[in-house]
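>
Chains as they are written, first to last, in the numbering used here: chain R, 196 to 643; chain A, 2 to 45.
1. In whole angstroms, what is the alpha-carbon distance linking residue 398(R) and residue 14(A)?
2. Ordered along the chain, which non-local residues of its own chain (more than five positions away) have a Cβ less than 6 angstroms from that of residue 595(R)?
3. Determine whether the Cβ of residue 565(R) lies closer than 7 angstroms to any Cβ atom of chain A.
4. Report the residue ranges of all alpha helix (DSSP H) runs contained in full by the region 260–311 of chain R; include only those spanning at least 4 residues, in chain order.
5. Between 390(R), 263(R) and 633(R), which has its C-alpha nearest residue 17(A)'s C-alpha?
6. Using a Cβ-Cβ cut-off of 7 angstroms, state whether residue 491(R) counts as contacting chain A.
7. Would you say residue 385(R) reaches chain A, if we count a Cβ-Cβ gap shorter than 7 angstroms as a contact?
8. Near residue 142(R), which residues of its chain fall below 7 angstroms by C-beta distance, leaving aside the five closest residues on each side in sequence?
9. In this structure, does DSSP put residue 551(R) in helix, strand or coil?
10. Alpha carbon to alpha carbon, what distance is there between residue 259(R) and residue 244(R)?
11. Taking CB distances under 7 angstroms as the criterion, tell me whether residue 10(A) reaches chain R.
12. Are the CB atoms of residue 452(R) and residue 563(R) nearer to each other than 7 angstroms?
13. If we cut at 7 angstroms on Cβ distances, does residue 634(R) have a partner in chain A?
14. If we count the other Cβ atoms within 10 Å of its Cβ and call it buried at 16 or more, is residue 462(R) buried or exposed?
15. So, residue 305(R) versus residue 537(R), is the Cβ gap smaller than 7 angstroms?
16. Report the option in 335(R), 621(R), 571(R) and 553(R) whose CA atom is closest to the CA atom of residue 392(R).
17. Determine, for residue 26(A), whether the minimum Cβ-Cβ distance to residues of chain R falls below 7 angstroms.
18. I'd like the ranges of any beta strand (DSSP E) spanning at least 3 consecutive residues and lying wholly in the region 534–581 of chain R.
19. Write down the C-beta distance between residue 543(R) and residue 277(R) rounded to the nearest angstrom, noting that I regard them as a contact closer than 8 angstroms.
20. Any Cβ of chain R within less than 7 angstroms of the Cβ of residue 40(A)?
21. Tell me the DSSP secondary structure of residue 629(R) in three-state form.
22. What would DSSP say about residue 613(R), mapped onto helix, strand or coil?
23. Please determine, among 288(R), 272(R), 585(R) and 335(R), the residue with the shortest C-alpha to C-alpha distance to residue 468(R).
24. Using a Cβ-Cβ cutoff of less than 6 angstroms, which residues in the same chain neighbour residue 355(R) once the five nearest sequence positions on both sides are dropped?
25. Less than 8 angstroms between the CB atoms is what I'm expecting for residue 588(R) and residue 616(R), so what's the real figure, rounded?
26. What does residue 392(R) touch in chain A if you count any residue whose Cβ is under 9 angstroms from its own?
Structure, rendered in C-alpha cells:
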C-alpha cells in the first residue's frame, strides 16, 4: 500500500511539474512574443488601443465562403460519368480478385490503385510528372504524392526486376535442365507476341505500342510491365490489367485450343520419366544462362539476370536467409508497390478509350497464338524425336507459372488418369519465362 | 487506309528477326545444355 501511495504521489508531482513547465513555457513565449511585437512593430499606446477595440470577425474569416470552398472541393460534385465508370471497373476488379480469386495478389492492389487514382479531388497520382515518357524531377517538389514517388519504381524499371529476383528464388529449373528440348517449346510459345504485334500495327497502334501489347502474349506480368513502362507508359494500366486478367483465365482460354490441335492418341502419350538433376547442375545453370543471354542480348540482362540471381540464391544452399527474404518479404512488398502504382496509371483519360478494347481483344489473340505455337511445335518435334512428347505440355510454354503447367496436367488426366504431365510441363513453363524475357529484351532493343 | 500507311517492311523485319532471334538464342541454350550433359557424362 505504501508503495502504491508513493507511486501515486510521484505521478501527481510529475504531472504538476510537467504542467508547471508547460505553463511556464507558454508564459515565457507570450512574454517574448509581446516584447518582440511591442518593440519592433508599434508603440505601446497604439497596441493597447487596438487590443481594447472590438474585433471585426467578418474580416478574419468568411464562414459562408469557406463552406462554399469546402463544398467545391468535395469529390462527389466533381464526379463525371467517365470517373463513375472507372470506379465501377475498379470495384469489379476488386470483386474478381477477392470473390473469384483472379490473381488476387496483383489484381487486388491494381484495382485498389485504380480506385484511388480515380477518386475525384483526391489527386493521388500526377501523370504530368511522367509526361512524354520522361520523369520531370523538377516538378516533384510541387506537391508530388506517395503514389508519384512509388511509381518511380515502375518508371525506372526497378519493381519488375525485383519481382523477377523473387520469382527466380521460387523457380525450380530442374525439369528444364533434365529435358533441354523444353526450351524450344518455350520459344515457340512466344509466337503469340509477334503475331499480336502485327495485329496491333494493323489496328493503328504505333510500333512501340504494338510491342507493348504483343508482350501480353508472354503471359508474364512483370515482363509486360517492364517493357510497357519503357516503350508505351501511357498504356501501362490497360496492358497490366489485360495481362493479369488473362493469366488468371489461362484454365479457360487454353484447354479448347489444346483439344482442337491434338488427337486423342497424342493427348494420351506418356513421356519418359525425367532424370534427377544434380545440385552442381542447378547451381551452374543460372550462371551459364545469364552469361550467354547477356552476351548475346544485353537488353535482356536486367530481367534474366535478376531471375537467375534469385534462382542462384535458392540453389546455392548457403544463402537461405536471402532466398527466403526475396521469396517472401521482398516479393510481397514490391508486389504491393507495383500493383497500386500500375493501377494508379489507369485514369479515365487513358483507360476509357477504344484502345483499351483493342488491347483486351489483342491480349486474347496473343494468349491463344502462344498456346497454339507451343502445341504445334511439340507435334512437329514428334515427327523427328525418338522419345515422344505429349503436345499438351507445349501450351505451358506461355509462362504463366505454374498455372499453364497445371492446365496441361489437368487436360492430360481427363484423357488418361494415369498420365502425370506436371513435371514435364514445368520445363516449357519455366522456359517460357526465359523466352518472354528474351523477347522483351529484343523488342526493347528494336523499338526502345 | 491504315494498311497502306504501315511500314510493312519494318514490321516484318521486327517480327521475323524478333521471333527468329528468340528461337536461335533458346536453341543455342539447348545446344549448350546438351554439350554440357555429354561432357559430364550424365545419362538421360
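C-beta atoms are modelled at their ideal positions from N, C-alpha and C, and glycine is treated no differently.
The relevant details are as follows:
1. 18 angstroms
2. 414, 442 and 445
3. no
4. 276–293
5. 390(R)
6. yes
7. yes
8. Since the first residue shown for chain R is 196 and the last is 643, residue 142(R) is missing from the structure and cannot be characterised.
9. helix
10. Low per-residue confidence applies at residue 244(R): pLDDT is 47, beneath 50, and the placement is therefore not dependable enough to give any value.
11. no
12. yes
13. yes
14. buried
15. yes
16. 553(R)
17. yes
18. none
19. 4 angstroms
20. no
21. helix
22. coil
23. 585(R)
24. 417, 420 and 421
25. 6 angstroms
26. 12, 15, 16 and 19
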